[in-house]
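Enquirer: This structure is in structure tokens; I'll ask about it shortly.
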Amino acid sequence: MQTFDLEANGLRALNETLQAQAQTTNETAWDVINPRGSHAIAVGLDAPIEVTVNGSTGYYCAGMNQQATVHVKGNVGPGAAENMMSGKLIVDGDASQYAGATGHGGLLVIKGNASSRCGISMKGIDIVVGGNVGHMSAFMAQAGHMVVCGDAGDALGDSIYEAQLFVRGSVKSLGADCIEKEMRPEHIAKLTELLDAAGVDADPADFKRYGSARQLYNFNIDNAY
Amino acid sequence: MAKDDKTAPQTLPRYSNTFTPEVNAEIRRAAATGIYDIRGGGAKRKVPHFDDLVFLGASMSRYPLEGYREKCETSVTLGTRFAKKPIELKIPITIAGMSFGALSAQAKEALGRGATMAGTSTTTGDGGMTPEERGQSERLVYQYLPSRYGMNPVDLRKADAIEVVVGQGAKPGGGGMLLGQKISDRVAEMRTLPKGIDQRSACRHPDWTGPDDLEIKILELREITNWEKPIYVKVGAARPFFDTTLAVKAGADVVVIDGMQGGTAATQDVFIEHVGIPTLACIREAVAALQELNMHREVQLIVSGGIRSGADVAKALALGADAVSIGTAAMIALGDNDPKWEAEYQALGSTAGAYDDWHEGRDPAGISTQDPELAKRLDPVEAGRRLNNYLKVMTLEAQTLARACGKNHVNNLEPEDLQALTVEAAAMAKVPLAGTTWIPGQGGM
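Chains A and B, in that order, give the protein sequences. Going by the working numbering, the first sequence opens with residue 1287, and the numbers climb by one from there. Going by the working numbering, the second sequence opens with residue 473, and the numbers climb by one from there.
Put into structure tokens, the structure is as follows:
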């Protein structure tokens, strides 16, 4: 286990060091101490390393991650795991707005609550939230899965494309073109897989599925009002 | 005299200046369809433009340089503020962002070929980076757009610069519209969307909401790319002074201002014609912001929107831009709206020179289409050569004008080299009305 003191050595040195592990992967476990809410921690990683951040982070933690597993023992600021391609981000606490925005792949696990616009424009990422998600979550979500073990706020899945949403609790309101859909065996299987991967103990039978009604897929003037 | 006497003097039929034939046709079209007009391109109505400015060639008070014999440099370096690897261009004319999806792969390749031959950069668009484009572009700017279609760190690191697109001159405040007709299998895959559906690119970025956030977003992009690449921030011309100020504050290496004559693949005609301000009106405002921050030339300014000739280039540089960018003109150079396709343009209800239904994907020139049969019509090698020729001509023209003003570098042109032919242009460009020292709003006589 390597320890990196962010306060002492600075952000540039941290990211340079972690990004360099793509070439030299014999040091696979990294402990980051004193994050103190810094932005852009562990961004652009591209190696199967494990990074533990001991404390809370600012914006864009694990942004554009590939392969790495980043574990934040605290809360994350806006845009955590934005545009993640693969790998994992596990957040022990809560996430601020736009968690997992535009993510193309990998798994984002938020054990606490996520704020508004969680999974906005998601393009293949899987997101599991232990608590609630805020308003406009999964806005324009294109692909991937979002699992909400608590409640969802207003306008869930507004203008959604082909992403699939699973919510155990209540949904305050559904956004444009988002509807409740039948939970078929393949959806139960996928949900079970995601809950297992996230280490969440929940019964898939308690969830409802939401997705696109596909009424906004082609331009229709009647939708403009 | 009888009322039906045809030999009696008559008034001539008179068209209204308000209800012109074009306006009437649009009213009839709207009444028949119930849908607003969607089209590509930029503003078509006449607005104050570079044609309303003239250079004051050297005479007694200035000393000109000799024709093609005395050196007049054209190189420009972009991204000198923070980037470890600024972009060196041989000419101050770049190719603006145009997406694969809106344009065919052949067109994107041709843009790369032409730009590389000319020693300048080309730019991706709202569809990610294609191998054809990267392969043919020696210098490639990667657009970071609200949609983030195809965005990935691998391509980000392959780029020579990153352009964070906040807005576009044709539609400040508007998002993209790529209608389903152009969504081929390849386009759909690149954008992670089902084939054949309309693709609405968001009008705002998903994970930042203002300049304070943008500053942190730029930090993240720099951290991912080792602080090597220049970060451009592109805005549609609406409030150029404040937008430039905020872009600089957010950490931009380069500010790109796109005026209302700037093109788009497709959006509402009402948006193109009625939102944003002319290119001419935004340059001095942006320069004033840079000067106030003591950042003029430290943060470079690229101006785009209806640039057509070396004269336009020279005038934009004289007003304080470091470089210009061309989109529509580059498409025309490749062969779009060429009269050789006239019969096919007419079959589409248009004519060569006015065809703008790029969203329909039926461009006879094979440029704004994803139809493989149409796209095959464009030879990327020949089209690239044409673009290179055009860029060379623009550069030669700009050099000629600069030498006439006694400048040994095109970027040494200055507002003092210009006068305006109209009061409007004088006010917008903040140069004197020709034959006077009067700049509207700034005194003189």
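Virtual Cβ for every residue (Gly too), placed ideally from N, Cα, C.
(1) Within 10 angstroms of its Cβ, does P887/B collect 16 or more other Cβ (buried), or is it exposed?
(2) Go through the stretch 672-754 of chain B residue by residue and report every complete run of the alpha helix (DSSP H) that reaches 4 residues or more, in order.
(3) Taking a Cβ distance cut-off of 7 Å, strictly less, list which residues of the stretch 657-686 of chain B are near chain A, in chain order.
(4) Can you give the Cα-Cα distance for T1303/A and S656/B, rounded to whole angstroms?
(5) Indicate whether at least one CB of chain A lies closer than 8 Å to the CB of M955/B.
(6) Using 8 Å as the Cβ pair cut-off and three pairs as the minimum, do the stretch 473-490 of chain B and the stretch 606-619 of chain B touch?
(7) In terms of alpha-carbon separation, which member of F522/B, D598/B, E604/B and A633/B lies closest to S619/B?
(8) Verify whether the separation of the beta carbon atoms of Q671/B and R658/B is less than 8 Å.
(9) Among R1495/A, S1456/A, D1440/A and N1504/A, which residue has its Cα nearest to the Cα of E1472/A?
(10) Might you give, ordered along the chain, the residues of its own chain that have their beta carbon closer than 6 Å to the beta carbon of P1334/A, omitting 5 neighbours on each side?
(11) Whole alpha helix (DSSP H) runs in the stretch 574-637 of chain B with 4 or more residues, listed along the chain?
(12) When you measure from the CB of E610/B to every non-hydrogen atom of the ligand MN, does any distance come out below 7 Å?
(13) Could you name the residues of the same chain whose beta carbon sits closer than 7 Å to that of G856/B, not counting the 5 residues immediately before and after it, in chain order?
(14) Residues in the same chain with beta-carbon distance under 6 Å from M900/B, minus the five sequence neighbours each way, listed in chain order, please.
(15) When the cut-off is 8 Å and only beta carbons count, does V1377/A lie next to chain B?
(16) Give every residue of the same chain whose Cβ lies closer than 6 Å to the Cβ of R1454/A, excluding the five residues on either side of it in the sequence, and list them in chain order.
(17) Using a Cβ-Cβ cutoff of 8 Å, what residues of the stretch 1310-1340 of chain A are near chain B? List them in chain order.
(18) Along chain A, which residues have their Cβ under 7 Å away from the Cβ of M623/B?
(19) Is the beta carbon of S1407/A less than 8 Å from the beta carbon of P666/B?
(20) Please give the ranges of any beta strand (DSSP E) in the stretch 794-882 of chain B, keeping only runs that are unbroken, at least 3 residues long and fully inside the region.
(21) Have a look at L846/B and N809/B and give me their C-alpha separation to the nearest angstrom.
(22) Please list, in chain order, the residues of the stretch 625-653 of chain B that have any C-beta partner in chain A closer than 7 Å.
(23) What is the C-beta distance between A1438/A and V1457/A, in whole angstroms, given that I count them as a contact (C-beta under 8 Å)?
(24) Short of 6 Å in beta carbon distance, which residues of its chain neighbour K556/B, apart from the five on each side in sequence? Order them along the chain.
(25) Alpha carbon to alpha carbon, what distance is there between S1342/A and T739/B?
(26) Could you list which residues in chain A have their beta carbon closer than 9 Å to that of E692/B, in chain order?
(27) Just checking: is the beta-carbon of D1342/A within a distance shorter than 8 Å of some beta-carbon in chain B?
(28) Name the chain B residues that come within less than 7 Å of A1429/A, Cβ to Cβ?
(29) Hey, I774/B and T566/B: beta-carbon distance below 8 Å or not?
(30) Closest to S1382/A by C-alpha separation, out of K1476/A, M1422/A, L1393/A and N1361/A, would be which residue?
Expert: According to the structure data:
(1) For the purposes of this step, residue 887/B is identified with residue 415 of the second sequence, where counting begins at 1. Buried, because 16 or more other Cβ atoms sit within 10 Å of the Cβ of P887/B.
(2) 683-696, 712-722 and 741-746
(3) T664, L665, P666, I669, D670, A674, P678 and D679
(4) Residue 1303/A sits at position 17 when you count from the first residue of the first sequence. Residue 656/B sits at position 184 when you count from the first residue of the second sequence. If I take the Cα positions, the gap works out to 41 Å.
(5) The structure shown does not extend to residue 955/B, since chain B spans only 473 to 917, so no value can be given for it.
(6) no
(7) Locating residue 619/B in the second sequence gives position 147, where the first residue counts as 1. For the residues F522/B, D598/B, E604/B and A633/B, the minimum Cα distance to S619/B belongs to D598/B.
(8) Against the second sequence, residue 671/B aligns to sequence position 199. Against the second sequence, residue 658/B aligns to sequence position 186. The answer is no: Cβ separation not under 8 Å.
(9) One-based indexing of the first sequence puts residue 1472/A at position 186. Looking at the Cα atoms, R1495/A is the closest of the given residues.
(10) Translated into positions along the first sequence, residue 1334/A becomes position 48. Contacts found: Q1353.
(11) 577-590, 603-608 and 625-630
(12) This structure lacks the ligand MN; in fact it carries no ligand of any kind.
(13) Within the second sequence, the letter at position 384 stands for residue 856/B. Once the five neighbours on either side are set aside, the close Cβ partners of G856/B are A582, R585, G586 and M589.
(14) Looking up residue 900/B in the second sequence gives position 428. Excluding positions up to five away in sequence, the list reads P520, L752 and A753.
(15) On the first sequence, residue 1377/A is found 91 positions in, with the first residue counted as 1. It does not; no Cβ of chain B falls within 8 Å.
(16) Within the first sequence, residue 1454/A is the residue found at index 168, counting from 1. Correct list, in chain order: C1435, D1492 and F1493.
(17) H1325, A1326, V1329, G1330 and D1332
(18) In the second sequence, the residue the question calls residue 623/B occupies position 151. In chain order: N1369 and T1388.
(19) As a first step, residue 1407/A must be located in the first sequence, where it is residue number 121. As a first step, residue 666/B must be located in the second sequence, where it is residue number 194. Not a contact, by the Cβ cut-off of 8 Å.
(20) 795-798
(21) The residue given as residue 846/B occupies position 374 in the second sequence. The residue given as residue 809/B occupies position 337 in the second sequence. Taking the straight line from one Cα to the other gives about 14 Å.
(22) P625, L651 and G652
(23) For the purposes of this step, residue 1438/A is taken as residue 152 along the first sequence, with counting starting at 1. For the purposes of this step, residue 1457/A is taken as residue 171 along the first sequence, with counting starting at 1. Yes, A1438/A and V1457/A are in contact; Cβ-Cβ is about 5 Å, under 8 Å.
(24) Mapped onto the second sequence, residue 556/B falls at position 84. So the qualifying residues of the chain are W699 and E700.
(25) For this step, residue 739/B is matched to residue 267 along the second sequence. For this step, residue 1342/A is matched to residue 56 along the first sequence. C-alpha separation (whole angstroms): 43 Å.
(26) Translated into positions along the second sequence, residue 692/B becomes position 220. Within chain A, the residues near E692/B are H1325, A1326, V1329, G1330, Y1345, Y1346, G1349, M1350, G1365 and E1368.
(27) As a position in the first sequence, residue 1342/A is number 56, starting the count at 1. One detail in the question is off: residue 1342/A reads as Ser in this sequence, not Asp. Not one chain B Cβ lies under 8 Å of S1342/A.
(28) As a position in the first sequence, residue 1429/A is number 143, starting the count at 1. Per Cβ cutoff of 7 Å: T664.
(29) As a first step, residue 774/B must be located in the second sequence, where it is residue number 302. As a first step, residue 566/B must be located in the second sequence, where it is residue number 94. In this structure, T566/B lies closer than 8 Å to I774/B by Cβ.
(30) What you label residue 1382/A is simply residue 96 of the first sequence in a count that begins at 1. Looking at the Cα atoms, N1361/A is the closest of the given residues.
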